[in-house]
Structures are given as C-alpha cells and as structure tokens.
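In the numbering used here, the protein residues as written are 18 to 382.
Backbone N, C-alpha and C define an ideal beta-carbon position, used for all residues, glycine too.
Just so you know, these numbers come straight off a predicted model, no measurement behind them.
Report on one structure; see the data block that follows.
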Amino acid sequence: MIFHKDSKLLVDDLSANSVHSVITDPPYGMEFMGLDWDKVLPDRSIWKACFEVMCPGAFLLAFGHTRLYHRLGCDLEDEGFEIKDCLCWGYASGYPHSYNISKAIDQKHGAEREVIGKRVHPTLRNAPNVKSNAYHADTLISDEEMESWDITAPATDDAKKWDGWGTQLKTAWEPIVMAQKPLEGTYIENVLKYKVGGLNIDECRLPYKNEDDMKRLASFEHFAGKNYGDDKYFSANSGNKKQCNIHPLGRWPANLVWMEPMFAQYDHIFMIPKPSKKEKGQKNTHETVKPIELMERLIRLVTPLPSVVGEDVLVLDPFMGSGTTGIAARNLGRKFYGYEKNKASYVIAKRRLQAKVKFFDMFAR
Ligand SMILES: C[S@@+](CC[C@H](N)C(=O)[O-])C[C@H]1O[C@@H](n2cnc3c(N)ncnc32)[C@H](O)[C@@H]1O
18 MIFHKDSKLL VDDLSANSVH SVITDPPYGM EFMGLDWDKV LPDRSIWKAC
68 FEVMCPGAFL LAFGHTRLYH RLGCDLEDEG FEIKDCLCWG YASGYPHSYN
118 ISKAIDQKHG AEREVIGKRV HPTLRNAPNV KSNAYHADTL ISDEEMESWD
168 ITAPATDDAK KWDGWGTQLK TAWEPIVMAQ KPLEGTYIEN VLKYKVGGLN
218 IDECRLPYKN EDDMKRLASF EHFAGKNYGD DKYFSANSGN KKQCNIHPLG
268 RWPANLVWME PMFAQYDHIF MIPKPSKKEK GQKNTHETVK PIELMERLIR
318 LVTPLPSVVG EDVLVLDPFM GSGTTGIAAR NLGRKFYGYE KNKASYVIAK
368 RRLQAKVKFF DMFAR
C-alpha cells in the first residue's frame, strides 16, 4: 500500500505493534542539490509514529549523511529507540564539494590566475591532459561538464602559500543507523511473541569467492569458540587455538556494504553498484534513488520470513521517494507500506512498483 501524504499521519493507517521493520532513506538535512525536501532532518514526530506502529524488538534502518548522522541517531534515541550499530554503505564515487582556498584568496585580492592546463576527470581513461591530481574542482558540476576544467596557477603570494588546500573531503560512504525498538522481555520471549528481534545471519552470509577462498579460510586459525561464535564451526586444534570449520554458506555478515574494489576477497560480496538508468525505470527523475539490491540486503537482515510470520510481514518506508524499498520488499515477498508527500515522486513510485512487481496489490490513495 502506498500513500501520497505526510508520514506524520501514518498512525492513521497502521495499528500499534504491526510493523516488522522500517527501512528508509530519509532527508539528510543537507539541502542536497538545493532540494527543498532535504533542507532539514525529519521531524521527530515521524520517528515517534514509527515507534508506535513497530513491534517490540523490530529494527529501523535509516540512511544518513556523515555530517549529520549523529543528529539522526540522537533523534531516534530520544524517541525511545536503542542504537544497535552503524552500517556503512561505501561507494567511493562521490564528488568533493570542496572550496579551493588558494583560488578564493586570489579572487578576494582581485588577481587573475594564469591558465596552465586542463584537468580531466580521473575516471576518463587515456586522458592526455591530466597533469596532476593536486588541483580540485571548485564546485559540483554536471556530468556533461565533468570532463575537464582549467588548471590555474596561484597569482598572489598568499594564494601560493595556500595552494592545494581545500575545505572538504569527498563523501565516499553513507552511514545507516541500525536502531531497535526495545525488546519486551528477553530476546527469546520477544522473538517468540512478535517474530522480530534477531538478525537473519545465515540469509545474509557473505558467500565465498571460490574454492580457493573457502580453503584459505578453512586453514585459518581463530581464537573463536564457544563464547565467540558457533561452536559447531570451530574445533580444537593445537594449543589454545581453534581450527576454523567454515560455515558452508559463507562469512559472517559485516556492517560494511561496499561497492568499489577494496579488499580483493570481499569485493564480490560488498559491491552493490549505484542504480543504472534501467534499474531506476523510465522517467524516474528522483534525485536520490538507492539500489534495489542494497535495500533487499537490508530488508533480509532484519525482517522476518513470510514462512515464519505469514503473509502479514510488513515493511514500512516513511520516506519512500521513487519506491525502491517497496520494490525490494515485494521482491522478497513482504508486504509494504510507503509514504511520499511529493506528488511527482509518489507518481514515479507508483509507476515503478506497478511495472516491477507482478500483481502489485496496492492502490495508492
Ligand atoms: C532521500 S528520498 C528517498 C529516495 C528513495 N530511497 C528512492 O530510492 O527513491 C526522501 C523522500 O522523502 C520525501 N519526504 C520528505 N519528508 C516527508 C514526509 N514528512 N512524509 C512523506 N515523505 C517525505 C521526499 O519528498 C523524498 O522524496
């Protein structure tokens, strides 16, 4: 079910203790690309509403920005959630929104800088004009203009002293806060009553790259055992060490989801590319579309299986945008409630869901 309305009102549609997970990509409060809806972090009343409709022990996973993530975490904590972890989605391909201090000094002095070359975007192969990576772009520019820009030499003495200095790093990852509505009783009591509270470790294991990878790990000696892992997968070896009898499904899931080559043995698992135009769907003009695979991974980690809960296992996204969480939830056989207050985005979500998901049974209001 998807709604064109403010998610502050979600309590009108959902009863208390009925939602099994909240997976969402809310406004970051960064005014990204000048977007109106991104100006401020979500109103705390929305987190309060989520808390009310979530089952005890259910998880809420929300994306944030490295600069304002702490505020998002505090807001959730203030509304009663427990912060359990911080997941990292790395993509390494962001742009540095850095201010070139040397250039700004010349500008302030009214001095003109001499153009000494062209800087070509480093991802362009065989770019003959790339001279040095000591120069940075001053502002974020569009894809078409990204190919090259002027390299200029400092004109004034002050600018020479500050050549190569900027104001910001490139954003290469996004934090995802993992918050949990407090358990009712123990983990076991909560899991048996509400069917939530745990993480689906085996469904989210990181598969081995190949036979060699598997064998290499099997011969690795760990200090793990009864207290630090599943005893079944560790057996006694020499000394105090344990031989690792590796789990057939793969490595233990990590709080890292990466999408650029990093650690050779992990790349094949962590790599989740940003969505292609095809994945986004026709005429999807939403500015911040997340990859379906990434949303699926998050849903699988914290949302109970329909085979355990039945057809009513429910995923909620109070900031649906173009509906990616909904597509992921429906791909995995979970029910979905999504809220979007912007009409154009809501229409995109509706179209995407209808096109992607067979028998899409939601009639938006
Ligand atoms: C970061 S985008 C989500 C994008 C989404 N992950 C996707 O893949 O398309 C956040 C969305 O939340 C919507 N939004 C912001 N505040 C809202 C509110 N109070 N109620 C409903 N939607 C809201 C914005 O219009 C925006 O489309």
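Query: Quick one: grab the DSSP three-state call for ARG136.; Result: strand
Query: Hey, how far is the Cα of GLU296 from the Cα of ILE309?; Result: 8 Å
Query: For GLY338 and GLU357, I'd like the C-alpha separation in whole angstroms.; Result: 6 Å
Query: Apart from the five residues just before and just after ALA172, which ones in its own chain have a Cβ nearer than 8 Å to its Cβ?; Result: ASP123, HIS126, ALA128, GLU129, ARG130 and GLU131
Query: Does DSSP put SER339 in a helix, in a strand, or in coil?; Result: coil
Query: Quick one, are the C-beta atoms of SER24 and PHE353 less than 8 Å apart?; Result: no
Query: Could you tell me which residues DSSP pairs with SER35 in its beta bridges?; Result: According to DSSP, SER35 bridges with nothing at all.
Query: Leaving out the 5 sequence neighbours to the left and right, which residues in its chain are closer than 7 Å to ARG268 when beta-carbon positions are compared?; Result: ARG222 and LEU223
Query: Quick one: grab the DSSP three-state call for LYS352.; Result: strand
Query: Within a Cβ cutoff of 8 Å, which residues of the same chain sit near GLU328, ignoring the five residues on either side of it in sequence?; Result: LYS352
Query: Determine the extent of the alpha helix (DSSP H) in which CYS67 is found, giving its start and end residues.; Result: 61-70
Query: Roughly how far, in whole angstroms, is the beta-carbon of ASP180 from the beta-carbon of SER119, given that I think they are within contact range, below 8 Å?; Result: 4 Å
Query: Among GLN299, TYR225, LYS294 and ALA271, which one has its Cα closest to the Cα of ILE263?; Result: TYR225
Query: Taking 7 Å as the cut-off, does the CB of GLY338 come closer than this to any heavy atom belonging to ligand 1?; Result: yes
Query: When the Cα atoms are used, what is the spatial distance from ILE193 to ARG136?; Result: 34 Å
Query: Among the candidates LYS187, ILE365, LEU234 and GLY134, whose CA atom is the shortest distance from the CA of ASP167?; Result: GLY134
Query: Going by the C-beta, is LYS360 closer than 7 Å to any heavy atom of ligand 2?; Result: Here the bound small molecules are ligand 1; ligand 2 is not part of this structure.
Query: Using the three-state DSSP reduction, which class does PRO308 fall into: helix, strand or coil?; Result: coil
Query: Quick one: does the C-beta of SER24 sit closer than 7 Å to a heavy atom of ligand 1?; Result: yes
Query: Quick one: does the C-beta of VAL39 sit closer than 7 Å to a heavy atom of ligand 1?; Result: no
Query: Verify whether the separation of the beta carbon atoms of LEU52 and GLU304 is less than 8 Å.; Result: yes
Query: Quick check: GLY81 and LEU89, are their CB atoms within less than 8 Å of each other?; Result: yes
Query: Once DSSP output is grouped into helix, strand and coil, what is the label at ASP102?; Result: strand
Query: Hey, could you find the ends of the alpha helix (DSSP H) ASP23 is sitting in?; Result: Neither: ASP23 is in no alpha helix (DSSP H) and is coded neither H nor E.
Query: At which residues does the alpha helix (DSSP H) containing ASP95 begin and terminate?; Result: 86-95
Query: Take GLU206 as the anchor and find which of VAL39, THR341, CYS72 and ILE344 has the nearest alpha-carbon.; Result: CYS72
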